[in-house]
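Colleague: Residue numbers (full-length UniProt numbering): 1 to 131. Ideal placement from N, C-alpha and C gives every residue a C-beta, glycine not left out. Predicted model only: the values in this text are computed from it and were never measured. Quick one: the structure is below, questions incoming.
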């Protein structure tokens, strides 16, 4: 089976066109060699590709007939991506959510709710002290 079709079948990419573009940009390797979209993959081949800032490493266990459901993906591939890569991605997500320069524009809806909630808490605490 072609590498572009395989990665689409095991649900790493949403469309085959996305896989083809990744191959053209040399983001996908099969057994350590840069792969064209038409490169044939066989069981025991090792595919390495970078997606969502993680270098994914998978081993082909079997070739599917067609695109498979999410629950059946593990039958056809073995994920060998180190857990540290996923931990690093979670850290990146948290840092992006936390960091927002002040003065870069209007507050978002979430920021506005947080500000309103903070103001209500401070106001309620002052009322209780006076009683």
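1) Just to confirm the assignment: which complete alpha helix (DSSP H) runs, minimum length 4, are found wholly within the UniProt domain "RNA-binding S4" (1 to 55)?
2) Take residue 28 and list the residues in its own chain whose beta-carbon comes closer than 6 angstroms to its own, dropping the five residues that flank it on each side.
3) The beta strand (DSSP E) spanning residue 79 covers which residue range?
4) Could you check which residue in 87, 65, 56 has the C-alpha nearest to that of residue 81?
5) Under 9 angstroms between the Cβ atoms of residue 19 and residue 30?
Modeller: According to the structure shown:
1) 3 to 9, 16 to 24
2) Sequence index remark: in the chain shown, residue 28 carries index 28 (1-based). The residues are 22, 35, 49.
3) Counted from its first residue, the chain shown places residue 79 at position 79. Note, residue 79: beta strand (DSSP E), 77 to 79.
4) Counting from one through the chain shown, the residue named residue 81 turns up at place 81. For residue 81, the nearest C-alpha among the options comes from 56.
5) For the purposes of this step, residue 19 is taken as the residue at position 19 of the chain shown. For the purposes of this step, residue 30 is taken as the residue at position 30 of the chain shown. No, these two residues do not count as a Cβ contact at 9 angstroms.
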